[in-house]
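Number of protein chains: 2
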Amino acid sequence: MMNRINVNLPEQSYEIAIASGNLDNLGEQMSSLQLRKKILLVSNPTIFKHYGERAIASLKAANFEVVSCTLPPGERYKNLNSIQKIYDVALENRLERSSTMVALGGGVVGDMTGFAAATWLRGINVVQVPTTLLAMVDSAIGGKTGVNHPQGKNLIGAFHQPRLVLIDPEVLKTLPMREFRAGMAEVIKYGVIWDAELFAQMEASKNLNQHRYVKPELIDSILTRSCQAKADVVSKDEKEAGLRAILNYGHTIGHAVESLTGYRLVNHGEAVGIGMVAAGQIAAELGMWQKEDTQRQDALIAKAGLPTKLPAGVDIEGIIEALQTDKKVKDGKVRFVLPTQIGVVTVTDEVPSDIITAVLRGMQG
Amino acid sequence: MMNRINVNLPEQSYEIAIASGNLDNLGEQMSSLQLRKKILLVSNPTIFKHYGERAIASLKAANFEVVSCTLPPGERYKNLNSIQKIYDVALENRLERSSTMVALGGGVVGDMTGFAAATWLRGINVVQVPTTLLAMVDSAIGGKTGVNHPQGKNLIGAFHQPRLVLIDPEVLKTLPMREFRAGMAEVIKYGVIWDAELFAQMEASKNLNQHRYVKPELIDSILTRSCQAKADVVSKDEKEAGLRAILNYGHTIGHAVESLTGYRLVNHGEAVGIGMVAAGQIAAELGMWQKEDTQRQDALIAKAGLPTKLPAGVDIEGIIEALQTDKKVKDGKVRFVLPTQIGVVTVTDEVPSDIITAVLRGMQG
Ligand SMILES: NC(=O)c1ccc[n+]([C@@H]2O[C@H](COP(=O)([O-])OP(=O)(O)OC[C@H]3O[C@@H](n4cnc5c(N)ncnc54)[C@H](O)[C@@H]3O)[C@@H](O)[C@H]2O)c1
Ligand SMILES: NC(=O)c1ccc[n+]([C@@H]2O[C@H](COP(=O)([O-])OP(=O)(O)OC[C@H]3O[C@@H](n4cnc5c(N)ncnc54)[C@H](O)[C@@H]3O)[C@@H](O)[C@H]2O)c1
Chain A
0 MMNRINVNLP EQSYEIAIAS GNLDNLGEQM SSLQLRKKIL LVSNPTIFKH YGERAIASLK
60 AANFEVVSCT LPPGERYKNL NSIQKIYDVA LENRLERSST MVALGGGVVG DMTGFAAATW
120 LRGINVVQVP TTLLAMVDSA IGGKTGVNHP QGKNLIGAFH QPRLVLIDPE VLKTLPMREF
180 RAGMAEVIKY GVIWDAELFA QMEASKNLNQ HRYVKPELID SILTRSCQAK ADVVSKDEKE
240 AGLRAILNYG HTIGHAVESL TGYRLVNHGE AVGIGMVAAG QIAAELGMWQ KEDTQRQDAL
300 IAKAGLPTKL PAGVDIEGII EALQTDKKVK DGKVRFVLPT QIGVVTVTDE VPSDIITAVL
360 RGMQG
Chain B
0 MMNRINVNLP EQSYEIAIAS GNLDNLGEQM SSLQLRKKIL LVSNPTIFKH YGERAIASLK
60 AANFEVVSCT LPPGERYKNL NSIQKIYDVA LENRLERSST MVALGGGVVG DMTGFAAATW
120 LRGINVVQVP TTLLAMVDSA IGGKTGVNHP QGKNLIGAFH QPRLVLIDPE VLKTLPMREF
180 RAGMAEVIKY GVIWDAELFA QMEASKNLNQ HRYVKPELID SILTRSCQAK ADVVSKDEKE
240 AGLRAILNYG HTIGHAVESL TGYRLVNHGE AVGIGMVAAG QIAAELGMWQ KEDTQRQDAL
300 IAKAGLPTKL PAGVDIEGII EALQTDKKVK DGKVRFVLPT QIGVVTVTDE VPSDIITAVL
360 RGMQG
């Protein structure tokens, strides 16, 4: 069964195609986009070992000419040096404006490939083939691309929409457990900000913390509903002028926690889990959200095997300080996305900093 | 007298404001754009020494908060290292999404500042204050930004439109003669591809090869008509899907010559001059353009003090080879912009390579 979700954008719309075994359809699916034949596939060695040959075989069967390049894995290589490596391979193989880069990997590979494609020859085609849960439901969709500055995450980047997002749920089988959980943080986010039904489906599941314990039908629903949520929001606000900000639910404090722990101790999804717990409690403190709903949310986060406390030793003053360098700051005021009921959030920059401090104190592990 | 030209674009339109003494109006002109107060002014030491203080004073008088950074001058520093310097200053001074970078300089400063602004926080505002003739009539308008790859010019870049282009013709007084001539190459280009009246005005002028020998009224006309030509073309085709390609008249062979001479011996405008002579002769060889018109064009190029011959020692095979790495290649075919009459050009990828070779042979110095 193939689920297709459309991301409608004024300049160029594209599809998210979800199906088991889809990796073997990559070439065929790309054929209908009328791309030129030259493809640069970007991945990392781990992912390439698992899925690289299949992706390439599928592309070649559809008459594409494929070269590939792998980048060292991990957030710490998400920088301009890695981008330069992609540029070098692009030059060596004479990619043209009408050529295509294919990102086969998680958010790190996807963000970098997207940025390289956005900036090579002022923008060439990119196709996203996400292999982590997080990349499937979040980073591969919506056109945000970028790399880190030594002093801050995702400070360098561009908007560049893919021509296609191709998802094969089967590849989640090899995904490390911790990465699965990290992706679940974003899925829970969609439940809280957009889709109460998705939230309820997850509440009804006995297990959420490992891929093999979650029923395939629920995985299907998680992927389809999450992608639909992201597509809805992005279609309404491509460049983050307004609505799209709600996707940052849990990310304001999350980013600060990630950056303070040097992007190592806590991964992105875990940080978002912590950030959602904090945001929920801030909303409750401000009387915007019911206490029971914060508890339902926190229980779901815990069931997904995600932390609900700050990692030991994280300095609360440090978090407050880090919030100030966040991209979402406007005239020095920190913007928060806060829930008002399950499935609905609002955006505010009127959170007193003593409330932030108090909530964070209560979350110390 | 203030001349205002509108660049009409679907997402964001902007003005080109041309007036003597305009540099002192920078702050005031920017005030009406409702930008936030933080400004990062980017320049190079030479230009900054001449005009930096005046630009900053004008911005401060309009209540902007200004920090500045200068980059080493010259095409060879138009690279990602310089971009990283801009990023560092942006981070240090906590530029926000609604902050603005101001490019005070020629095409090198403008292209780099534009690219940094395009990619910092996925895109912040940029205002272009061009100080060379080339930047005024060409690079500051239209949103092409970028840097060089060690092996090719402008291979890395993005489209990012400025919020305002502010031109003060007075600053041309300090521009080195060779740079003035380089700008004249682009002006002559507009005459050939778009504006026969501009071509005729220049033909009627006794001198064209030094700023101080050209009447102020002709300078005014050159700036206004050239900016109008560029604005017209860009408004009709922002992302170079079609029409905009005509702006590459003279650039196909021009880029190859530049790259073969290591971007040193021949500057951009000189290379374009050579490229226009070559394109004109190719058009004549193909029977598309009258011989007399090629002669009128070549005479104008010579009157502007620009070369009409290839620099000694440039290898013709090398040029043919370099054409293949050009961004304008599609499926291995080189695209040429060729004139059919003065003020009108057409685009073709059907130029037999023996004609290119023959024309280049005839242009050996
Ligand atoms: N662009 C966006 O809109 C957006 C949104 C959210 C997050 N992000 C970015 O995404 C990044 C995080 O992405 P991520 O969580 O996917 O991490 P990741 O890309 O680092 O992948 C996590 C790990 O899983 C491995 N892996 C990936 N797929 C696998 C598979 N199928 N089988 C076995 N191993 C596999 C990878 O090698 C890596 O070690 C961050 O840099 C974040 O900034 C971007
Ligand atoms: N973005 C575009 O659409 C576009 C179009 C054409 C060219 N370009 C780019 O523009 C660049 C060339 O720009 P350029 O010709 O302006 O060269 P440039 O920016 O290197 O400036 C030329 C020299 O003049 C000096 N200078 C500048 N203004 C001065 C002034 N008023 N008084 C005294 N000295 C001054 C500079 O310091 C520099 O040494 C190339 O990199 C080219 O790729 C871009």
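Quick mapping for you: the protein sequence lines, in order, are chains A and B.
Be aware that the first sequence starts at 0, since it is given in the working numbering, and climbs by one per residue.
Be aware that the second sequence starts at 0, since it is given in the working numbering, and climbs by one per residue.
For every residue, glycine included, the Cβ atom is placed at its ideal position computed from N, Cα and C.
- For the pair Phe47(A) and Leu103(A), the CB atoms are nearer than the 9 Å cut-off.
- By the criterion of a C-beta distance shorter than 7 Å, Val276(A) is surrounded in its chain by Asp297, Ile300, Thr307 and Met362, once the five residues flanking it on both sides are discounted.
- The stretch 173-182 of chain A and the stretch 274-288 of chain A do not touch, with fewer than three beta-carbon pairs separated by less than 8 Å.
- By the CB criterion at 9 Å, Met100(B) and Asn80(B) fall outside the cutoff.
- Around the CB of Gln127(A), 16 or more other CB atoms lie within 10 Å, so the residue is classed as buried.
- Annotation for Val336(B) indicates a beta carbon at 8 Å or more from all heavy atoms of ligand 2.
- Closer than 9 Å to the CB of Ile38(B) there is not a single CB belonging to chain A.
- For Ser57(A), the CB stays at least 8 Å from every heavy atom of ligand 2.
- Straight-line measurement puts the Cα of Ala278(B) at about 8 Å from the Cα of Phe335(B).
- Judged by beta-carbon spacing, Tyr189(A) lies within the 9 Å limit of Ser225(A), meaning their Cβ atoms are closer than that value.
- Note on Gln28(A): 16 or more other CB atoms within 10 angstroms of its CB, so buried under the neighbour-count rule.
- In this structure the stretch 228-248 of chain A does not lie against the stretch 309-316 of chain A, because fewer than three pairs of beta carbons, one per stretch, are closer than 8 Å.
- A distance below 8 Å between beta-carbons, with the five flanking residues on each side excluded, links Arg3(A) to the following residues of its chain, in chain order: Glu14, Ile15, Ala16 and Ile17.
- With respect to Ser98(B), Arg162(B) sits apart: the two C-beta atoms are not nearer than 9 Å.
- Residues of the stretch 38-64 of chain A with a Cβ closer than 7 Å to any Cβ of chain B: none.
- Excluding residues up to 5 positions away in sequence, Leu22, Leu103, Thr130 and Val170 lie with their Cβ nearer than 7 Å to the Cβ of Tyr50(A) in the same chain.
- Residues are counted here when their Cβ sits less than 9 Å from a Cβ of chain A; for the stretch 230-260 of chain B these are Lys238 and Glu239, given in chain order.
- Using a C-beta cut-off of 8 Å, the stretch 149-162 of chain B makes contact with the stretch 75-92 of chain A, since at least three inter-stretch Cβ pairs fall below that distance.
- Per DSSP, the unbroken alpha helix (DSSP H) holding His267(B) starts and ends at His267 to Glu284.
- The Cβ-Cβ distance between Asn147(A) and Glu74(A) falls below 9 Å.
- Per DSSP, the beta-bridge partners of Val128(A) are Leu103(A).
- Take the alpha-carbon of Asn24(A) and the one of Pro71(A): they are about 27 Å apart.
- Close CB contacts of Ala303(B) within its chain, under the 6 Å cut and outside five residues either way in sequence, are with Arg180, Met183, Leu207 and Asn208 (chain order).
- For Gln11(B), no chain A residue has a Cβ inside 9 Å of its Cβ, as the nearest lies near 11 Å away.
- Under the three-state reduction of DSSP output, Gly145(B) falls in the strand class.
- Put simply, the backbone Cα of Lys214(A) is about 10 Å away from that of Lys205(A).
- Tyr76(A) does not reach chain B, its nearest Cβ partner there being about 16 Å away, counting only Cβ pairs nearer than 8 Å.
- For Gly145(B), the neighbours in chain A by C-beta distance under 7 Å run, in chain order, Arg121.
- Using beta-carbon distances, Gly156(B) counts as an interface residue toward chain A, with a partner under 9 Å.
- If you draw a 10 Å sphere on the C-beta of Lys290(B), you find fewer than 16 other C-beta atoms in it, and that means exposed.
- By the beta-carbon neighbour count (other beta carbons within 10 angstroms, threshold 16), Ile354(B) is exposed.
- An exposed status is given to Leu32(A), since fewer than 16 other beta-carbon atoms sit within 10 Å of its beta-carbon.
- Proximity of Arg162(B) to chain A, defined by a Cβ-Cβ separation below 9 Å, is not satisfied.
- For Ser234(B), the enclosing alpha helix (DSSP H) has its first and last residue at Pro215 to Lys235.
- Between ligand 2 and the CB of Thr144(B), the shortest heavy atom gap is smaller than 8 Å.
- Neighbours of Thr324(A) in chain B, taken as residues at a C-beta separation under 9 Å, are given in chain order as Leu90 and Arg93.
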